[in-house]
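A.B. asks: There's a structure below that I have some questions on.
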Ligand code: PMP
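Numbering (the working numbering), first residue to last: 14 to 443.
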C-alpha cells in the first residue's frame with residue numbers, strides 16, 4: 014500500500030481511468046533538472062520527463078524566470094487582443110519551422126492542435142477522408158480518439174466517420190512480413206490501395222506522427238514519408254505531421270523530426286516539450302491552408318502570454334545550449350547502450366529510437382515475438398527501486414520508452430541504462 018496521502022486521494026476522488034504507474038504509485042512534489050522527488054523523500058532520475066514534456070529540465074531557471082515575469086505582468090488578455098509573447102513566438106516559429114509553414118494557431122494541448130490541423134486540412138481541401146496510422150495516438154477528443162490506432166485508448170463509445178487506418182511503418186512487426194529495404198516500402202504503397210478502396214478516391218490528408226510515440230517509438234524507415242506524402246498528394250490530400258512528441262530537437266540533428274525525411278508537411282502540430290510543462294498546443298500551416306480556415310475561431314487559453322513566454326524561453330535554452338546536437342550525441346549513446354541490452358537479454362526483441370526517443374520492446378520469445386508486458390512491469394518496479402523513472406508504450410504495453418531531458422548527459426543516460434539492465438536481468442529470470 015502506498016504511504017502517500019496524495020496517492021490515496023487520487024485513487025478515491027479522481028476518475029479511475031486516470032491510472033498511475035507502479036504497483037505502489039508515487040506522488041511527485043519537486044523537480045530540479047533531470048531529478049524529481051516524491052512525497053516520501055525519495056529522489057529519482059526522471060527518464061520520461063512527464064511523457065516527453067519536461068524537455069529542458071524541471072524548474073529550468075530561464076523558463077521559470079520567463080513564466081514568473083509574465084505572470085506578474087499579464088496572465089490573460091484573451092485572443093480578442095494581440096499580445097507580444099504570442100506575436101513574437103508566432104514570428105519566430107515561422108522562421109524555424111520547415112518548408113512554407115508560416116501561420117500559427119495556438120491552443121493548450123496536443124489534442125486541440127491536432128483537431129485544428131484536421132479542421133484546417135478539411136476546409137482547405139473541401140474533403141473529409143483522413144488517412145491515419147495504426148498504433149498511433151492523436152489525442153482524447155472524439156475525433157482524435159477515433160484517429161488513434163490503439164484499442165486501450167479507444168474504449169469509450171466512438172463513432173466518427175471519415176477516418177481510415179493505414180498499416181504502421183513498424184519494421185520490427187512488419188504487417189507484410191517483409192524486410193527493409195527489399196520491402197520497397199510496401200506499408201507506404203498500401204496507402205494508395207486504402208484510398209482507392211476505402212474512400213471515394215480523394216482525401217483531405219495523410220496524418221502521421223513522425224515517430225509513433227505512445228505506440229512504442231516506432232521510427233518509420235528512410236523514404237517512408239516521402240512516399241506516403243506523395244501518395245496522399247496524388248489523391249488531393251495534404252500531409253500533416255504530428256510532432257507533439259518529436260519536435261524541439263528531441264530526435265536529434267534537427268529542430269523538427271520530420272526534417273530527417275526529405276519532405277515538408279502542409280501542417281505541423283506540436284505541444285508537450287514546447288512549453289516544458291506549461292500547457293501549449295501549436296498548429297502551424299502554410300498560408301494556403303491557414304488562410305482558408307473558415308469563419309472565426311477562438312481558444313480561450315490559446316496563445317496565452319504565460320505559455321508563449323515559456324515556449325520562447327524553451328527555444329532560447331535549446332538554441333543557446335546547442336541541445337539539438339546534444340540530443341543527437343547523448344541519444345546515440347543511449348541507443349548504443351540499448352543495442353547492447355538487446356544483445357545481452359533475450360527478452361529484448363527490439364531496440365529502436367531516434368535521438369532522445371529510445372525504446373526497448375520486450376518479448377517472451379525472439380522467434381514468435383510474443384509481447385511480454387509482464388517483463389515490462391517487472392523492469393518498471395526494479396528501475397523504480399534503483400531511483401529511475403521510465404515510460405511505457407505499445408499496443409501490448411510491452412515497450413519501455415525513455416524520453417530524457419534534451420540537456421541530459423551521457424552519465425545520466427548510463428544511469429538510466431544501468432537501471433534498465435538490472436531490471437531486465439530480474440525480468441529475464443521470471
Ligand atoms: N499527439 C501525440 C503524438 C501525442 O503523444 C499526444 C499525447 N500523448 C497527443 C497528440 C495529445 O496531446 P495532449 O495530451 O496534450 O492533448
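Where is the CB? At the ideal position from N, CA and C, for every residue including glycine.
1) Could you work out which residue in 159, 154, 192 and 178 is closest to residue 146 when comparing CA atoms only?
2) Sorry if obvious, but does the Cβ on residue 153 come closer than 8 Å to a heavy atom of the ligand PMP?
3) Opposite residue 289 in the DSSP bridges: which residues?
4) Apart from the five residues on each side of it in sequence, which residues of its chain come closer than 7 Å, Cβ to Cβ, to residue 156?
5) Hey, quick one: how far does the beta strand (DSSP E) through residue 370 stretch, first residue to last?
6) Decide yes or no for the touch test of the stretch 397 to 408 against the stretch 59 to 72: beta carbon pairs closer than 8 Å, at least 3 of them.
7) Taking just the CA atoms, how far does residue 341 sit from residue 190?
8) For residue 176 and residue 185, I'd like the C-alpha separation in whole angstroms.
9) Express the C-alpha separation of residue 102 and residue 250 in angstroms, rounding to a whole number.
10) Going by DSSP, name the residue or residues bridged to residue 251.
11) At a cut of 8 Å, does the stretch 150 to 167 reach the stretch 322 to 329 through at least three beta carbon pairs?
12) By alpha-carbon positions, which one of 349, 53, 368 and 424 ends up nearest to residue 259?
13) Can you check the stretch 306 to 350 for any alpha helix (DSSP H) of at least 4 residues that lies completely inside it and give the ranges in chain order?
14) Is residue 45 helix, strand or coil by DSSP?
15) Quick check: the Cα distance between residue 106 and residue 220, rounded to an integer number of angstroms?
16) Taking its Cβ as the centre, do 16 or more other Cβ atoms sit within 10 Å of residue 89, making it buried, or is it exposed?
17) Evaluate the contact criterion for the stretch 265 to 273 versus the stretch 293 to 309: three or more CB pairs, one atom per stretch, below 8 Å.
18) Please report the straight-line C-alpha distance between residue 245 and residue 149, rounded to a whole angstrom.
19) Fully enclosed by the stretch 148 to 211, which alpha helix (DSSP H) runs are 4 residues long or longer?
20) Closest by CA to residue 295, which one among 286, 304, 282 and 288?
21) Looking at the strands, I want to know which residues DSSP matches up with residue 50.
22) Work out the CA separation of residue 431 and residue 358 for me, nearest whole Å.
23) Out of 109, 167, 287 and 207, which one is the CA nearest neighbour of residue 76?
24) Counting C-beta neighbours from all protein chains within 10 Å, is the total for residue 93 16 or more, i.e. buried, or is it exposed?
25) Am I right that residue 383 and residue 392 are in contact with their C-beta atoms under 8 Å? What's the rounded C-beta distance?
26) Which term fits residue 482, buried or exposed, when burial requires 16 or more other beta carbons within 10 angstroms of its beta carbon?
27) Closest to residue 229 by CA distance: which of 181, 284 and 428 is it?
28) Taking 7 Å as the limit between beta carbons, can you name the residues of its chain near residue 437, skipping five residues before and five after?
29) Taking the DSSP output, what are the residues bridged to residue 117?
30) Roughly how many angstroms lie between the CA atoms of residue 442 and residue 314, to the nearest whole one?
31) For residue 407, verify whether its CB is less than 8 Å away from any heavy atom of the ligand PMP.
32) Does the stretch 209 to 217 come within contact of the stretch 135 to 145, defined as at least 3 CB pairs closer than 8 Å?
C.D. replies: The structure says:
1) The residue among 159, 154, 192 and 178 with its C-alpha nearest the C-alpha of residue 146 is 178.
2) Checking the Cβ of residue 153 against the ligand PMP gives yes.
3) Looking at the DSSP assignment, residue 289 forms a beta bridge with 291.
4) Setting aside the 5 residues that flank it on each side, residue 156 is surrounded in the same chain by 128, 131 and 173, each with a C-beta closer than 7 Å to its C-beta; the list follows chain order.
5) Segment 370 to 375, the beta strand (DSSP E) holding residue 370.
6) Yes, the stretch 397 to 408 touches the stretch 59 to 72.
7) About 31 Å.
8) Looking at the two C-alpha atoms, the distance is approximately 25 Å.
9) Going from the Cα of residue 250 to the Cα of residue 102 covers about 29 Å.
10) Per DSSP, 218.
11) Counting Cβ pairs under 8 Å, fewer than three are found: no touch.
12) Of the candidates 349, 53, 368 and 424, the one whose C-alpha sits nearest the C-alpha of residue 259 is 368.
13) 318 to 333, all fully within the stretch 306 to 350.
14) Note: residue 45 maps to strand in three-state DSSP.
15) Approximately 21 Å between the Cα atoms of the pair.
16) Its Cβ having fewer than 16 others within 10 Å, residue 89 is exposed.
17) Under the 8 Å Cβ criterion, the stretch 265 to 273 does not count as touching the stretch 293 to 309, having fewer than three qualifying pairs.
18) Cα-Cα distance, rounded: 18 Å.
19) You should have 155 to 160 and 199 to 211.
20) When C-alpha distances from residue 295 are compared across 286, 304, 282 and 288, the shortest belongs to 282.
21) Bridge partners of residue 50: 43 and 56.
22) Looking at the two C-alpha atoms, the distance is approximately 13 Å.
23) Here the closest residue by C-alpha is 287.
24) It counts as exposed.
25) That belief does not hold up - the Cβ atoms of residue 383 and residue 392 are roughly 17 Å apart, past 8 Å.
26) With the chain covering 14 to 443 only, the question about residue 482 has no answer from this structure.
27) Comparing C-alpha distances from residue 229 to each of 181, 284 and 428 shows the shortest one belongs to 181.
28) Taking C-beta separations shorter than 7 Å and ignoring five residues to either side along the sequence, the partners of residue 437 in its chain run 354, 358, 360, 361 and 392, following chain order.
29) Partner(s): 297.
30) When the Cα atoms are used, residue 442 and residue 314 turn out to be separated by approximately 50 Å.
31) No, the Cβ of residue 407 stays beyond 8 Å of every heavy atom of the ligand PMP.
32) Contact holds: three or more Cβ-Cβ distances are below 8 Å.
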